[in-house]
Amino acid sequence: MSRGRLVAVAVLATVIVGAGTWALWPKSRDEGSAAATAGPYLVQLIGESPKVGRTPVTVEITGNGDLTPDSVTFEAAMPQMGHAATPVAAAAQGGGRYRADVDFSMAGPWEITVRIAAGGHVHEAVLSATTNG
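Numbering (the numbering used here), first residue to last: 174 to 306.
Here you go:
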């Protein structure tokens, strides 16, 4: 086998192995997931990564089984760019899940502050999410 052919076969094999590794590499089951504590609660972002524009955001709140939240609000901010969305009230979906439509004005990293009012106290969790087009 000539040297040129050997180099071509080696390059092709490297490309195939690289593509196979990339395709089979374990991926996060839920790219948009993030979790944080808010007082006695654990708050987790559920679903796909948010998109630019008005996007449904769902969180699951677990932990303090004795105290159901009186209200839950979401406030999205992109501190690096000085952007902030208007806080929105989240609606209970059952099973500890709360959903609201949040307006993300551009692609990039966002912080979603989840405020939980319960029993006269307000607890906050800050979740990270990256929006894409």
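Idealized CB from N, CA, C, for every residue including glycine. On a predicted model such as this, the values are computed, not experimentally measured, just so you know.
Here DSSP, grouped into helix, strand and coil, assigns Ala263 to coil. Cα atoms of Gln217 and Met279: separation of roughly 22 Å, rounded to the nearest angstrom.
For the set Thr235, Met251, Ala302, the Cα lying nearest the Cα of Ala265 is the one of Thr235.
In the DSSP annotation of this structure, the continuous segment of the beta strand (DSSP E) that includes Val287 starts and ends at 281 to 291. Cβ contact annotation for Thr231 (same chain, cutoff 8 Å, sequence separation greater than five): Leu218, Ile219, Gly220, Gln266, Arg270, Tyr271, Arg272, in chain order.
When C-alpha distances from Val225 are compared across Phe277, His294, Gly292, the shortest belongs to Phe277. For Thr304 against Asp274, the beta-carbon gap comes to about 14 Å, at or over 8 Å, which does not count as contact.
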